[in-house]
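Engineer: Supplied in structure tokens, the structure appears directly below.
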């Protein structure tokens with residue numbers, strides 16, 4: 023067993039690693055390519071930065087490529103993202119033309135790699151149209167959707183479906199997100215890597231350094247939300263909930279920390295709105311962090327008394343997983359993949375309003391022993407369900423299922439609409 027796999031065995035168990043090796047055995051040397059829209063920022067990039075090395079360690083020839091696009095292209099794909107999550111944000115016709123042209127250009131640039139791949143994973147809508155330019159495909163193509171697509175705008179879904187229907191399979195994070203498509207659909211929730219900068223153990227010296235750098239008081243209640251500055255993450259709702267709770271806990275502090283992603287052109291606007299809402303309140307710390315500030319995020323989650331993720335829509339919410347892994351109770355929006363992780367009164371609370379969030383903040387601050395027990399349950403829950411070893415296992419199983427679909431029956435997490 024290699025050093026990397028030994029480390030995973032220590033956390034996830036030797037049985038989990040042995041299963042990975044067994045599943046990977048018939049896939050040795052197979053060329054697997056992932057394509058997404060950004061190298062940094064957001065959960066997809068974080069997942070791929072850890073999943074690709076693990077697949078290579080297991081003997082697969084795994085690669086990760088990032089498409090290139092203009093600002094106008096990412097304005098269009100941000101509209102796709104919003105519309106798939108139910109917001110009325112339709113692209114203009116000229117924006118759709120830009121979208122298709124950029125996909126054609128990237129298809130030409132990546133053609134030498136994609137033509138030779140035996141399995142291709144295309145992540146989210148940004149590169150989805152590239153399949154049009156590979157009518158004679160050698161391998162299996164899989165579309166991976168990380169978005170809450172349970173109630174998409176029908177016009178946007180109809181447009182994207184013309185490309186998605188040609189894939190060999192699709193992956194969604196929850197059954198509710200899956201849409202009607204003429205191919206097998208699989209449910210595979212995301213996962214975290216326990217050894218990444220965001221999740222590894224940190225020295226007390228480093229943690230206290232972060233506390234000092236951001237002028238936090240470790241003796242006072244600290245609430246933390248880590249996320250991109252995105253309206254669907256509801257940072258303004260978090261500020262309102264904090265102010266409602268603060269009337270009962272005057273010494274409480276709030277940290278809203280995050281950064282942008284190269285494929286999200288709205289982040290700066292939302293960040294300005296957050297700064298305006300927090301203006302003049304020394305208890306609210308709005309931190310715009312660089313994309314590589316993983317250990318700082320890690321430290322902030324570790325010193326938090328409570329972690330919030332009050333999203334209005336959420337594909338999964340890796341920040342919830344990260345917080346639970348660190349033994350923190352989570353107050354999360356009753357949305358998407360957060361429901362899969364936050365179990366009421368066990369790992370935290372689901373809420374649907376700032377008032378509900380404020381009530382749960384008060385509950386946890388008044389009952390620290392209950393908060394501690396929730397944190398312990400949350401860490402166990404992540405170990406059993408949301409570590410990178412489980413995600414790799416699901417990907418290997420899916421590849422085996424697709425490559426041997428005509429000859430063998432393989433039990434998987436397959437779900438059909």
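In this note's numbering, the protein residues as written are 23 to 439.
Beta carbons are placed, not taken as given, at the ideal position from N, Cα and C, and that holds for glycine.
Treat the numbers as computed from the prediction; the structure is a model and nothing was measured.
Considering residue 181, what are the terminal residues of the alpha helix (DSSP H) in which it resides?
Structural biologist: The residue given as residue 181 occupies position 159 in the chain shown. 176-186 is the span of the alpha helix (DSSP H), which, as asked, contains residue 181.
Engineer: Consult DSSP for residue 163 and reduce its assignment to one of helix, strand or coil.
Structural biologist: Within the chain shown, residue 163 is the residue found at index 141, counting from 1. It is a strand residue.
Engineer: Let's see if you can read the secondary structure: which residues bound the beta strand (DSSP E) around residue 208?
Structural biologist: Position 186 of the chain shown holds residue 208. First-last of the beta strand (DSSP E) with residue 208: 207-209.
Engineer: Just grab the DSSP bridge partners of residue 145 for me.
Structural biologist: Here residue 145 refers to the residue found at position 123 of the chain shown. According to DSSP, which records beta bridges pairwise, residue 145 is partnered with 166.
Engineer: Hey, quick one: how far does the alpha helix (DSSP H) through residue 115 stretch, first residue to last?
Structural biologist: For the purposes of this step, residue 115 is taken as the residue at position 93 of the chain shown. Its alpha helix (DSSP H) spans residues 115-138.
Engineer: Please classify residue 176: is it buried, with 16 or more other beta-carbons within 10 angstroms of its beta-carbon, or exposed?
Structural biologist: Sequence index remark: in the chain shown, residue 176 carries index 154 (1-based). Exposed.
Engineer: Note down, one range per segment and in chain order, each beta strand (DSSP E) of at least 3 residues found wholly within the segment 46-84.
Structural biologist: 53-58
Engineer: Spatial neighbours of residue 34 within its chain, please: CB distance less than 6 Å, with the 5 preceding and 5 following residues excluded, ordered by chain position.
Structural biologist: Numbered from its first residue, the chain shown carries residue 34 at position 12. Closer than 6 Å at the Cβ level, and outside the excluded window around residue 34, lie 409, 411.
Engineer: Rounded C-beta distance between residue 376 and residue 245? I'm assuming under 8 Å.
Structural biologist: On the chain shown, position 354 is the one that residue 376 refers to. On the chain shown, position 223 is the one that residue 245 refers to. About 13 Å; that fails the 8 Å criterion.
Engineer: If I measure Cβ to Cβ from residue 224 and keep anything under 8 Å in the same chain, skipping five residues before and after, which residues do I get?
Structural biologist: Taking the first residue of the chain shown as position 1, residue 224 is located at position 202. Counting only Cβ-Cβ distances below 8 Å, and skipping sequence neighbours, we find 317, 320, 321, 324.
Engineer: Quick check: what's the CA-CA separation for residue 353 versus residue 363?
Structural biologist: Translated into positions along the chain shown, residue 353 becomes position 331. Translated into positions along the chain shown, residue 363 becomes position 341. If I take the Cα positions, the gap works out to 11 Å.
Engineer: Just the C-alpha distance for residue 332 and residue 58, rounded to the nearest angstrom, thanks.
Structural biologist: Against the chain shown, residue 332 aligns to sequence position 310. Against the chain shown, residue 58 aligns to sequence position 36. Those two C-alpha atoms are separated by around 26 Å.
Engineer: Buried or exposed: residue 423, going by 16 or more other Cβ atoms within 10 Å of its Cβ?
Structural biologist: Counted from its first residue, the chain shown places residue 423 at position 401. It counts as buried.
Engineer: What's the gap between the Cα of residue 292 and the Cα of residue 252?
Structural biologist: What you label residue 292 is simply residue 270 of the chain shown in a count that begins at 1. What you label residue 252 is simply residue 230 of the chain shown in a count that begins at 1. Approximately 6 Å between the Cα atoms of the pair.
Engineer: Just the C-alpha distance for residue 436 and residue 206, rounded to the nearest angstrom, thanks.
Structural biologist: Taking the chain shown and counting its residues from 1, one reaches residue 436 at position 414. Taking the chain shown and counting its residues from 1, one reaches residue 206 at position 184. Note on residue 436: pLDDT 44, under 50, position unreliable in the model; the coordinate value appears next. Between residue 436 and residue 206, the C-alpha separation is close to 7 Å.
Engineer: Which of the three DSSP states, helix, strand or coil, is assigned to residue 194?
Structural biologist: Indexing the chain shown from 1 puts residue 194 at position 172. Residue 194: strand per DSSP, three-state reduction.
Engineer: Distance check for residue 162 and residue 129, CA to CA, integer angstroms please.
Structural biologist: Looking up residue 129 in the chain shown gives position 107. Looking up residue 162 in the chain shown gives position 140. Approximately 16 Å between the Cα atoms of the pair.
Engineer: For residue 96, which three-state DSSP category applies?
Structural biologist: On the chain shown, residue 96 is found 74 positions in, with the first residue counted as 1. Here residue 96 sits in helix by DSSP.
Engineer: Given a threshold of 16 other Cβ atoms within 10 Å of its Cβ, counted over all protein chains shown, does residue 419 qualify as buried or as exposed?
Structural biologist: What you label residue 419 is simply residue 397 of the chain shown in a count that begins at 1. By the 10 Å Cβ count, residue 419 comes out buried.
Engineer: Output yes or no for whether 8 Å exceeds the beta carbon distance between residue 276 and residue 229.
Structural biologist: Along the chain shown, one-based indexing puts residue 276 at 254. Along the chain shown, one-based indexing puts residue 229 at 207. For residue 276 and residue 229, no; Cβs fall outside 8 Å.
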